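Engineer:
Protein chains: 2
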Amino acid sequence: MRNVELDERKITILKAIIKNYMDTGEPVGSRTISKYVESKWSSATIRNEMSDLEEMGYIVQPHTSAGRIPSDKGYRFYVDQILQEKNSEVAEIQELMIQRVDRLESVLKKLAKLLARDTNYAAMISGPRYHENKLKFLQLSRVDEEKLLIVTVLEGNLIKNTIVPATEHLSDEELLNMNILLNSNLNGLTIEEINLEVISRMKQQAGQHAGIVDLVLNQVAEVIRADSEDLQIYTSGATNIFKYPELSDNQKASELLSTLEHTETLKDLVGGDEAGETGIQVYIGEESQVQAMRDCSVVTANYELGEGIRGTIGIIGPKRMDYEKVLKTLRTVMTQLDAAFKKEER
Amino acid sequence: MRNVELDERKITILKAIIKNYMDTGEPVGSRTISKYVESKWSSATIRNEMSDLEEMGYIVQPHTSAGRIPSDKGYRFYVDQILQEKNSEVAEIQELMIQRVDRLESVLKKLAKLLARDTNYAAMISGPRYHENKLKFLQLSRVDEEKLLIVTVLEGNLIKNTIVPATEHLSDEELLNMNILLNSNLNGLTIEEINLEVISRMKQQAGQHAGIVDLVLNQVAEVIRADSEDLQIYTSGATNIFKYPELSDNQKASELLSTLEHTETLKDLVGGDEAGETGIQVYIGEESQVQAMRDCSVVTANYELGEGIRGTIGIIGPKRMDYEKVLKTLRTVMTQLDAAFKKEER
DNA sequence: TGTTAGCACTCATTTGAATCGAGTGCTAAT
DNA sequence: ATTAGCACTCGATTCAAATGAGTGCTAACA
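These protein sequence lines are chains A and B, in that order.
Under numbering that gives the first Met the number 0, the first residue of the first sequence is numbered 0, with each subsequent residue one higher.
Under numbering that gives the first Met the number 0, the first residue of the second sequence is numbered 0, with each subsequent residue one higher.
1. Please identify the residue among A:Thr63, A:Leu52, A:Ser253 whose C-alpha is closest to the C-alpha of aspartate 71 of chain A.
2. Taking the straight line between their C-alpha atoms, what separation do you get for glycine 210 of chain A and valine 152 of chain B?
3. Which residues, taken in chain order from the stretch 118-145 of chain B, show a beta carbon closer than 9 Å to some beta carbon of chain A?
4. With DSSP collapsed to three states, give me the class of glutamate 7 of chain A.
5. Sort out for me which residues DSSP pairs valine 215 of chain B with in a bridge.
6. Report all residues from its chain with a CB closer than 8 Å to the CB of alanine 205 of chain B; omit the five preceding and five following residues, and keep chain order.
7. Which first and last residues belong to the beta strand (DSSP E) in which glutamine 138 of chain B is found?
8. Can you list the beta strand (DSSP E) stretches of 3 or more residues lying completely in the stretch 224-307 of chain A, in chain order?
9. So, with DSSP's three-state summary, where would you put serine 125 of chain B?
10. Could you name the residues of chain A that serine 105 of chain B contacts, counting a contact when the two beta carbons are closer than 9 Å?
11. From which residue to which residue does the alpha helix (DSSP H) around isoleucine 45 of chain B run?
12. Chain B partners of phenylalanine 241 of chain A, CB-CB under 7 Å?
13. Taking the CB atoms as reference points, tell me whether leucine 230 of chain A and lysine 266 of chain A lie closer together than 8 Å.
14. Less than 8 Å between CB atoms is the rule here; does isoleucine 149 of chain B satisfy it with respect to chain A?
15. With the cut-off set at 8 Å, would you say glycine 155 of chain B and glycine 310 of chain B are in Cβ contact?
16. Near alanine 122 of chain A, what residues of its chain come up, given a Cβ to Cβ distance below 6 Å and the 5 sequence neighbours on each side ignored?
17. Helix, strand or coil for valine 325 of chain B, going by three-state DSSP, please let me know.
18. Taking buried to mean at least 16 other C-beta atoms within 10 Å of its own C-beta, is proline 317 of chain B buried or exposed?
19. Go ahead and label glutamate 48 of chain A buried or exposed: buried means 16 or more other beta carbons lie within 10 angstroms of its beta carbon, across all protein chains shown.
20. Determine the extent of the beta strand (DSSP E) in which lysine 146 of chain A is found, giving its start and end residues.
21. Nearest CA to the CA of isoleucine 308 of chain B: which residue from B:Met292, B:Val297, B:Arg128?
22. Run down chain B in chain order and give the residues with a C-beta less than 8 Å from the C-beta of asparagine 160 of chain A.
23. Assuming serine 287 of chain A contacts methionine 320 of chain A (C-beta within less than 8 Å), just tell me the rounded distance between them.
24. Check the C-beta distance from leucine 134 of chain B over to arginine 141 of chain B and give it rounded, since I have them as a contact under 8 Å.
25. For leucine 329 of chain B versus alanine 300 of chain B, is the C-beta spacing smaller than 8 Å?
26. May I have the straight-line CA-CA distance separating alanine 15 of chain B from glutamate 145 of chain A, to the nearest angstrom?
27. Whose C-beta lies closer than 6 Å to the C-beta of isoleucine 158 of chain B among residues of the same chain, with five residues either side of it excluded?
28. Using only the alpha-carbon positions, how far apart do proline 69 of chain B and glycine 284 of chain B sit?
29. Using a Cβ-Cβ cut-off of less than 9 Å, give me the residues of the stretch 22-43 of chain A that come near chain B, in sequence order.
30. Look up isoleucine 81 of chain B in the DSSP assignment and say whether it is helix, strand or coil.
31. Let's see if you can read the secondary structure: which residues bound the beta strand (DSSP E) around lysine 159 of chain B?
32. Verify whether the separation of the beta carbon atoms of glycine 73 of chain A and valine 27 of chain A is less than 8 Å.
33. Go through its chain and collect everything with a Cβ distance to glycine 56 of chain A's Cβ below 7 Å, but skip five positions before and after it.
34. Helix, strand or coil for valine 332 of chain A, going by three-state DSSP, please let me know.
35. List, in order along the chain, the chain B residues whose C-beta lies closer than 8 Å to that of glutamate 260 of chain A?
36. Whole angstroms are fine: how far does the CA of tyrosine 35 of chain A sit from the CA of serine 41 of chain A?
So this is what it looks like as structure tokens:
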């Protein structure tokens with residue numbers, strides 16, 4: 000695929016500039032490149048080409064008499080190139096986490112930590128978003144004299160518990176009947192489908208214990224509401240940003256770290272569902288729309304655990320992040336997560 | 000209560016130094032103090048006293064020809080003074096969090112955020128430690144064709160769920176009996192009390208479904224183990240440290256923030272049970288034993304939610320933190336937490 | 001005898017000038 | 001079309017002088 004704007008040589012030089020800048024974090028000058036590319040061209044030639052590239056907006060000069068650094072547009076070009084080469088070689092990532100870990104939350108936290116350590120960037124990972132909130136199972140139990148336990152299981156095996164004070168006394172048999180009543184009426188319904196008709200029918204069936212029905216329904220509503228509101232986001236390795244001088248001056252570091260602490264803002268990054276064909280999105284600089292991240296790049300990937308349970312993983316680093324490595328790592332993790340939960344299902 | 004070492008004037012001056020340093024973060028000189036204390040004494044007198052105080056170890060000079068700053072010993076003196084004045088006036092703290100929030104975790108997270116915002120220091124809060132891990136209630140249900148749900152409730156209403164594949168088929172009636180079997184045998188036992196004898200008795204009673212008993216017991220063991228290992232710690236406001244120049248140089252900030260990210264280390268701070276008479280502990284500088292916090296002070300308070308459920312709240316800030324405010328805030332929060340959960344119980 | 005004014009001295013920090021050097025743009029030669 | 005050469009730019013570094021906050025000491029004072 001030819002590029003109409005950039006000829007072969009410009010591409011080579013642009014790539015060289017970006018690669019070099021990734022390593023060093025310093026603006027790179029013509030001489031450096033002329034050595035880097037096996038002295039195919041002299042520094043003067045490079046200078047001319049660089050001048051062109053600058054005019055086209057692929058690189059910028061932080062100040063006169065400094066080398067060039069890639070602009071957002073430059074990075075974008077580079078990333079697009081990589082995304083095209085679908086080299087999805089699945090490297091072995093530490094499998095330590097795929098031990099028998101039961102709770103999803105715990106897996107996600109560990110995964111974030113792992114990602115941060117591996118990449119040396121900051122990692123964030125959103126808990127799953129459950130799209131179809133269908134009720135799968137309800138269980139009402141008496142946990143002690145005056146307390147009832149309501150267990151709600153949603154499609155996708157999301158389980159929530161609540162303990163409520165028992166407002167009225169139920170015998171063991173009544174409890175059993177209530178459970179049957181609840182499950183036969185509610186199973187398979189989404190929250191929207193639990194309308195007044197369903198409710199009044201249930202209350203009628205429940206007879207004198209209609210109050211309990213209310214209790215349970217309130218709880219169900221609460222669970223579903225809470226779940227869709229409290230999107231959990233785990234971050235790790237935020238302090239990795241201190242490894243990159245261009246991010247770690249006090250002003251910027253503070254701003255960036257605050258943002259990483261502030262779940263609300265992260266939701267913007269993680270919330271979008273517009274996945275590329277590979278499920279991977281790259282935001283360079285201001286593309287992310289998040290002020291504090293204008294000097295960063297953010298790479299996000301969506302994972303899916305079957306039954307419509309989706310979440311997002313994100314890596315946040317300097318613009319000069321090692322895109323190749325990050326993309327590869329994310330692809331691997333997605334595969335592994337997938338595999339792990341397929342296994343769990345069996 | 001007289002102090003044998005320090006006379007009235009030395010105390011006044013020492014306090015003035017500490018207060019002033021808290022405001023400004025700058026070393027404070029004799030002239031400043033002489034103005035500060037309504038010109039009762041001249042700067043020269045102050046100088047003499049300061050010289051004494053320095054010799055006694057209450058204040059130090061960062062370098063010759065700089066003002067003095069309080070030493071750990073100085074802060075210690077100051078804090079001890081405050082702790083003596085038991086002014087436990089319970090200010091009204093934002094009650095927004097004491098709404099109907101059901102999940103403890105969520106309350107704790109919000110609380111950490113609130114504390115951090117209020118104090119302008121970093122806050123951490125540990126999830127509850129359950130000391131007496133007695134089984135209170137077990138419930139086994141069939142959630143769909145090939146999956147069983149095990150709900151474990153421990154003393155103190157800690158609830159855990161697990162979904163496991165059903166290894167053998169149980170009829171509704173058998174399931175009911177199994178639940179009775181489980182609860183009648185296990186309720187009220189601690190993990191240690193579930194010995195081989197109990198287990199073999201249960202298996203015998205279970206007859207052909209002994210396998211299920213194993214399944215459940217494994218789960219119970221796992222829950223209790225996981226709970227005692229995975230002490231959750233929530234932090235918030237870590238970036239507040241950038242507000243204090245003496246902590247925010249790159250080296251220190253990075254170190255400190257890493258520590259705050261690293262749960263293991265925080266456990267050391269939060270784990271200890273040696274509460275003072277008020278349940279509040281103050282660690283100044285190296286007293287905390289945590290390297291990265293040698294320039295910080297850490298104030299911890301234990302909260303208790305009845306039934307032996309305990310946790311710890313901590314505030315981390317510069318040595319010159321406003322101890323009075325922090326102590327007051329913590330006392331308030333403890334009271335509120337207590338009240339909130341007393342209410343919840345009813 | 002305790003307090004204070006005065007003064008010489010110290011030393012981190014600030015300021016500004018001089019220098020350095022990496023890198024560019026342009027021109028002329030190849 | 002490529003390259004060598006050179007003047008020029010401008011941030012970074014270095015260094016010394018100036019600054020000023022603060023001390024310690026001494027002598028005068030109440």
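Each residue gets a CB set at the ideal place from its N, CA and C atoms; glycine is no exception.
If you're wondering where the values come from, they're calculated on a predicted model, not measured in any experiment.
Structural biologist: Here's the rundown:
1. A:Leu52
2. Note on geometry: alpha-carbon atoms of glycine 210 of chain A and valine 152 of chain B lie some 24 Å from one another.
3. For the stretch 118-145 of chain B, which is checked against every Cβ of chain A, the residues closer than 9 Å are Lys135, Phe136, Gln138, Ser140, Arg141, Val142, Asp143.
4. helix
5. Valine 215 of chain B pairs with nothing; no bridge assigned.
6. Counting only Cβ-Cβ distances below 8 Å, and skipping sequence neighbours, we find Met177, Leu180, Ile211, Val212.
7. 134-143
8. 232-235, 279-283, 295-303
9. strand
10. Ala225, Asp229
11. 42-55
12. Asn249, Ser253
13. The answer is yes: Cβ separation under 8 Å.
14. no
15. no
16. Ala111, Leu114, Ala115, Ser235, Gly236, Ile314
17. helix
18. buried
19. The C-beta of glutamate 48 of chain A has 16 or more other C-beta atoms within 10 Å across all chains shown, which makes the residue buried.
20. 146-153
21. B:Arg128
22. Val150, Ile158, Asn160
23. Between methionine 320 of chain A and serine 287 of chain A the Cβ distance is about 13 Å, and since that is not below 8 Å, they are no contact.
24. With a Cβ gap of about 21 Å, leucine 134 of chain B and arginine 141 of chain B do not count as contacting.
25. Contact annotation: leucine 329 of chain B and alanine 300 of chain B have beta-carbon atoms nearer than 8 Å.
26. 57 Å
27. Val152, listed in sequence order.
28. 11 Å
29. none
30. helix
31. 157-164
32. no
33. Hits under 7 Å: Ser70, Lys72.
34. helix
35. Ser235, Gly236, Ala237, Thr238
36. 11 Å
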